[in-house]
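Which chain is which? The protein sequence lines are Y and F, in order. Under our numbering, read the first sequence as residues 4 to 418, first letter to last. Under our numbering, read the second sequence as residues 4 to 418, first letter to last.
2 protein chains.
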Amino acid sequence: MNLNTEFEQAREAGRKLNMLSKERIDAVLRAVADEAEARSEEILEANRQDLERMDPANPMYDRLKLTVERIADIASDMRNVAALPSPLGEVLSRTTRPNGMVIEKVRVPFGVVGVIYEARPNVSFDVFGLCFKTANACVLKGGHDAQCSNEAIVGLIRGVLDREGIDPASVTLLPADREATAALLGAQGYVDLLIPRGSSSLIRYVRENARIPMIETGAGICHTYFDRAGDTEKGARIICNAKTRRVSVCNALDCLIIHSDRLSDLPALCEPMAERNVIIYANTRAYEALKGHYPERLLEHATEESFGTEFLDYKMAVRTADSLEEALEHIARYSSGHSEAIVTEDVEAARVFRARVDAACVYVNVSTAFTDGAQFGFGAEIGISTQKLHARGPMALAELTSYKYLITGDGQTRA
Amino acid sequence: MNLNTEFEQAREAGRKLNMLSKERIDAVLRAVADEAEARSEEILEANRQDLERMDPANPMYDRLKLTVERIADIASDMRNVAALPSPLGEVLSRTTRPNGMVIEKVRVPFGVVGVIYEARPNVSFDVFGLCFKTANACVLKGGHDAQCSNEAIVGLIRGVLDREGIDPASVTLLPADREATAALLGAQGYVDLLIPRGSSSLIRYVRENARIPMIETGAGICHTYFDRAGDTEKGARIICNAKTRRVSVCNALDCLIIHSDRLSDLPALCEPMAERNVIIYANTRAYEALKGHYPERLLEHATEESFGTEFLDYKMAVRTADSLEEALEHIARYSSGHSEAIVTEDVEAARVFRARVDAACVYVNVSTAFTDGAQFGFGAEIGISTQKLHARGPMALAELTSYKYLITGDGQTRA
Numbered sequence: 004m005n006l007n008t009e010f011e012q013a014r015e016a017g018r019k020l021n022m023l024s025k026e027r028i029d030a031v032l033r034a035v036a037d038e039a040e041a042r043s044e045e046i047l048e049a050n051r052q053d054l055e056r057m058d059p060a061n062p063m064y065d066r067l068k069l070t071v072e073r074i075a076d077i078a079s080d081m082r083n084v085a086a087l088p089s090p091l092g093e094v095l096s097r098t099t100r101p102n103g104m105v106i107e108k109v110r111v112p113f114g115v116v117g118v119i120y121e122a123r124p125n126v127s128f129d130v131f132g133l134c135f136k137t138a139n140a141c142v143l144k145g146g147h148d149a150q151c152s153n154e155a156i157v158g159l160i161r162g163v164l165d166r167e168g169i170d171p172a173s174v175t176l177l178p179a180d181r182e183a184t185a186a187l188l189g190a191q192g193y194v195d196l197l198i199p200r201g202s203s204s205l206i207r208y209v210r211e212n213a214r215i216p217m218i219e220t221g222a223g224i225c226h227t228y229f230d231r232a233g234d235t236e237k238g239a240r241i242i243c244n245a246k247t248r249r250v251s252v253c254n255a256l257d258c259l260i261i262h263s264d265r266l267s268d269l270p271a272l273c274e275p276m277a278e279r280n281v282i283i284y285a286n287t288r289a290y291e292a293l294k295g296h297y298p299e300r301l302l303e304h305a306t307e308e309s310f311g312t313e314f315l316d317y318k319m320a321v322r323t324a325d326s327l328e329e330a331l332e333h334i335a336r337y338s339s340g341h342s343e344a345i346v347t348e349d350v351e352a353a354r355v356f357r358a359r360v361d362a363a364c365v366y367v368n369v370s371t372a373f374t375d376g377a378q379f380g381f382g383a384e385i386g387i388s389t390q391k392l393h394a395r396g397p398m399a400l401a402e403l404t405s406y407k408y409l410i411t412g413d414g415q416t417r418a
Numbered sequence: 004m005n006l007n008t009e010f011e012q013a014r015e016a017g018r019k020l021n022m023l024s025k026e027r028i029d030a031v032l033r034a035v036a037d038e039a040e041a042r043s044e045e046i047l048e049a050n051r052q053d054l055e056r057m058d059p060a061n062p063m064y065d066r067l068k069l070t071v072e073r074i075a076d077i078a079s080d081m082r083n084v085a086a087l088p089s090p091l092g093e094v095l096s097r098t099t100r101p102n103g104m105v106i107e108k109v110r111v112p113f114g115v116v117g118v119i120y121e122a123r124p125n126v127s128f129d130v131f132g133l134c135f136k137t138a139n140a141c142v143l144k145g146g147h148d149a150q151c152s153n154e155a156i157v158g159l160i161r162g163v164l165d166r167e168g169i170d171p172a173s174v175t176l177l178p179a180d181r182e183a184t185a186a187l188l189g190a191q192g193y194v195d196l197l198i199p200r201g202s203s204s205l206i207r208y209v210r211e212n213a214r215i216p217m218i219e220t221g222a223g224i225c226h227t228y229f230d231r232a233g234d235t236e237k238g239a240r241i242i243c244n245a246k247t248r249r250v251s252v253c254n255a256l257d258c259l260i261i262h263s264d265r266l267s268d269l270p271a272l273c274e275p276m277a278e279r280n281v282i283i284y285a286n287t288r289a290y291e292a293l294k295g296h297y298p299e300r301l302l303e304h305a306t307e308e309s310f311g312t313e314f315l316d317y318k319m320a321v322r323t324a325d326s327l328e329e330a331l332e333h334i335a336r337y338s339s340g341h342s343e344a345i346v347t348e349d350v351e352a353a354r355v356f357r358a359r360v361d362a363a364c365v366y367v368n369v370s371t372a373f374t375d376g377a378q379f380g381f382g383a384e385i386g387i388s389t390q391k392l393h394a395r396g397p398m399a400l401a402e403l404t405s406y407k408y409l410i411t412g413d414g415q416t417r418a
């Protein structure tokens, strides 16, 4: 499929967005929020067409479904984004060289951001809001299941843009087919950044086929290490929160590592999870420690597959470690580099853990459930990066910008 | 080819480097510099084997060739890198959240950096120096033509590392064949960042085949726009410097755009280039303006191919524009986003040019020849990025780092 016309128009729209004032950008975001609420019935009608094609028993059904309340939340989120400070134009550094020329490093938009996602139509609003706030045009490739909803949403946004005198190509919805994805992955020279959001198979497909810069988001295989010097009460709270607050999210706990000197505290650490029916896959020593203290129907022996698995369910692996070193080795081997935590009152153990663990977010005595743009105080989030290039961990407005160098002088030449 | 053992060892070495103190890193860099000078004869002997296989008339011959003086320069560069401040551990931000947890964003190494390059053996020393300074292990894939030299250099470095008690896998030289390149491009989970340095065909190959994050370097199609309000004397100096200082580099001028009101100044602007035998490809109006003023043997009519070409030679395109807007459109169409300049005394024209031009380095009344890490005061350079993700323009030590978030609390959980 040749989508070069669409990509070219997006690039051109991005160039024009870069010239808008911040006040104008925020006013347009508020206008879109108002329009979404005023015309929510149209969006819901389109959404119903999508819902009719899906089995209500499908776990995606709830993600696909919009309601008046959800649209009000979406509009409220967009007004919040409008109210956030813009990172654009920030002077990141400024130096005067010996020859008198001044070098400024200034934040600028990427230009065009492509986002590939699945069945959540609210993502169309979210991505537009964050990209528009940072003066990036966006090219959206949503899931086939949500195409009617996405068409209604993007049509509504483009209508507002047009009315406001802004190029509607600032947001483009691609057809919901594989050919469009392939075209987007190869849109070299048009799309400056690609962010896939969704299942690990989608992310893998993008990684293997993209010819343009991308940011990997997604898989979180998260550990919490209860150290020899861990506080049992804090540990029980942190572990239960990280595991059960929401099991379907990437920051949820997958594997508890407990120092073998503290095995007698394992029943207390796991106790809050019994009433939430969390199935525990324990290695031999942990199994012995839990036996008789944790419901038998929820206690199983760990196998090799229990480790390095993102459960996204009321399931958790537990293993023992004879030392901090052994815990660090396990984490280095199985972590996806997302969120890792230690529970300890030992300052030196915390220092070593913070230094040695290679992950986007490294926690000391805090639940990994906080890995989230809003919780970090960013006011928004476009995804959680699991790569190290450009952005790591929760990504918000600043991560949707690049920079350029502005060099000013009065005739300097190089010897 | 299965190089997973090498990649695994590099990853392990990178983890250990991250634990070294800055003082220790700098001492090892100085030891490598000393060893390179002390054993320069061994390196030169290996280099002679490479040179014997190459026709001395080949333009690559000079790039391949090492001498005692070049090795002294390499050693001096490495001592300079040792003397630079390390970016590691820098706290990029620190916030305390309402629940009392503290979030710090701290610079950390990538882990393993892969670099693919061609016939310059000095790159082996340079890349090792910059990667080691930032506690990254490096995996090098050099050109076949330089393999003997590279083996001698990497062997020497690994000898020093071993003696200093540091894992020699901190630097790994891959075989100089296509299979090794393919393995490196697919080293997902082992290599955190890939930087290709060399011809545009090499860069294109990497872009199309890499499954790990990469930074594009290279092609510079650079313009200088002489505005209606340009100063002729400054313009003549800047244009000649940008074109002729070194024609083989990516920041060299490829196309001069002149405001049509200033056509009568074109002969003066081009005059210094006549004695350097620069061939000018001029559009019709520029040709008419130069005719009789610029040597006929050096003056040709521009064709469509004259624009958007990186000449890397004593050749330059010249075209007229009736407005700043027209010049900006030409640049947006043909620029590679590397370095672009305006010559003007008009503050408003400079403001518009700086805001509108989408390039890594945007110059006002300065030669584009300054796009270079050393000239920017970075003290070093690993390449010049032409992409917008992570790094743009000259890249040095900070660009060889990522970051992680360290979150500290006393039992916080998320509601």
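Each residue gets a CB set at the ideal place from its N, CA and C atoms; glycine is no exception.
- Glycine 114 of chain Y is a Cβ neighbour of glycine 17 of chain Y, given a cutoff of 7 Å.
- With respect to alanine 292 of chain Y, tyrosine 228 of chain Y sits apart: the two C-beta atoms are not nearer than 7 Å.
- Ranked by Cα distance from serine 202 of chain Y, the first of Y:Gly146, Y:Val194, Y:Ala232 is Y:Gly146.
- The segment 350 to 362 of chain Y and the segment 315 to 325 of chain Y do not touch, with fewer than 3 CB-CB distances between them shorter than 8 Å.
- Residue state for valine 355 of chain F is assigned as helix, using DSSP reduced to three classes.
- Note on histidine 304 of chain F: under 16 other CB atoms within 10 angstroms of its CB, so exposed under the neighbour-count rule.
- Take serine 309 of chain F, set aside five residues on each side of it, and the residues of its chain with a beta-carbon closer than 6 Å to its own are Tyr284, Ala320, in chain order.
- A straight line joining the alpha-carbon of methionine 81 of chain F with that of arginine 123 of chain F spans about 16 Å.
- Three or more pairs of CB atoms, one per stretch, sit closer than 8 Å, so the segment 206 to 218 of chain F contacts the segment 178 to 195 of chain F.
- Straight-line measurement puts the Cα of leucine 176 of chain F at about 50 Å from the Cα of proline 298 of chain F.
- Take the alpha-carbon of valine 31 of chain Y and the one of phenylalanine 379 of chain F: they are about 39 Å apart.
- Contact between lysine 407 of chain Y and valine 365 of chain F holds, with the beta-carbon distance rounding to 6 Å and staying under 8 Å.
- Between serine 339 of chain F and arginine 417 of chain Y a beta carbon distance of about 20 Å is seen, past the 8 Å cut, so the two are scored as non-contacting.
- Excluding five sequence positions before and after leucine 6 of chain F, the CB atoms of its chain that fall closer than 8 Å to its own CB belong to Leu177, Ala183, Ala186, Leu187, Ala190, given in chain order.
- Per DSSP, tyrosine 284 of chain F is one residue of the beta strand (DSSP E) stretching across 282 to 285.
- Using a CB distance cut-off of 7 Å, proline 216 of chain Y counts as an interface residue toward chain F.
- Of all residues in the segment 217 to 248 of chain Y, only Met217, Ile218, Glu219, Asp234, Glu236, Lys237, Gly238, Arg240, Ile241, Cys243, Asn244, Ala245, Arg248 come within less than 9 Å of chain F when Cβ atoms are compared, listed by chain position.
- Per DSSP, the continuous alpha helix (DSSP H) segment holding asparagine 50 of chain F begins and ends at 43 to 55.
- Per the coordinates, the alpha-carbon of isoleucine 282 of chain F lies some 40 Å from the alpha-carbon of isoleucine 46 of chain F.
- As DSSP reads the structure, glutamate 343 of chain F sits in a beta bridge with F:His226, F:Val365.
- DSSP places glutamate 303 of chain F within a strand segment (E or B) once states are collapsed to three.
- For tyrosine 366 of chain Y, the nearest CB of chain F lies under 7 Å from its own CB, placing it at the interface with that chain.
- Per the C-alpha coordinates, the member of F:Arg200, F:Arg166, F:Leu23 positioned closest to proline 397 of chain F is F:Arg200.
- Within the segment 158 to 214 of chain Y, the complete alpha helix (DSSP H) segments of 4 residues or longer fall at 181 to 188, 203 to 212, listed in chain order.
- When 7 Å is used as the limit between beta carbons, glutamine 390 of chain F is near these residues of chain Y: Pro216, in chain order.
- Using a CB distance below 8 Å, the part of the segment 9 to 34 of chain Y facing chain F consists of Arg18, Asn21, Met22, ordered along the chain.
- Taking a Cβ-Cβ cut-off of 7 Å, the neighbours of histidine 393 of chain Y in chain F comprise Leu392, His393, given in sequence order.
- Glutamate 348 of chain Y carries a coil assignment under DSSP once its states are collapsed to helix, strand and coil.
- Within chain Y, the residues placing a beta-carbon under 9 Å from that of arginine 210 of chain F are Gln191, Arg214, Ile215, ordered along the chain.
- In this model, valine 71 of chain Y and arginine 42 of chain Y are separated by some 10 Å (Cα to Cα).
- By the neighbour-count criterion, in which a residue is buried when 16 or more other Cβ atoms sit within 10 angstroms of its Cβ, lysine 294 of chain Y is exposed.
- Excluding its 5 nearest sequence neighbours in each direction, valine 35 of chain Y has C-beta neighbours in its own chain below 7 Å: Met81, Ile160, Val163, listed in chain order.
- Annotated three-state conformation of glutamine 12 of chain Y is helix, per DSSP.
- Residue-level contact check: aspartate 349 of chain F does not touch chain Y, since none of the beta carbons of chain Y fall below 7 Å from its beta carbon.
- For tyrosine 317 of chain F, the nearest beta carbon of chain Y is not closer than 7 Å to its own beta carbon.
- The Cβ of isoleucine 77 of chain F sits no closer than 7 Å to any Cβ of chain Y.
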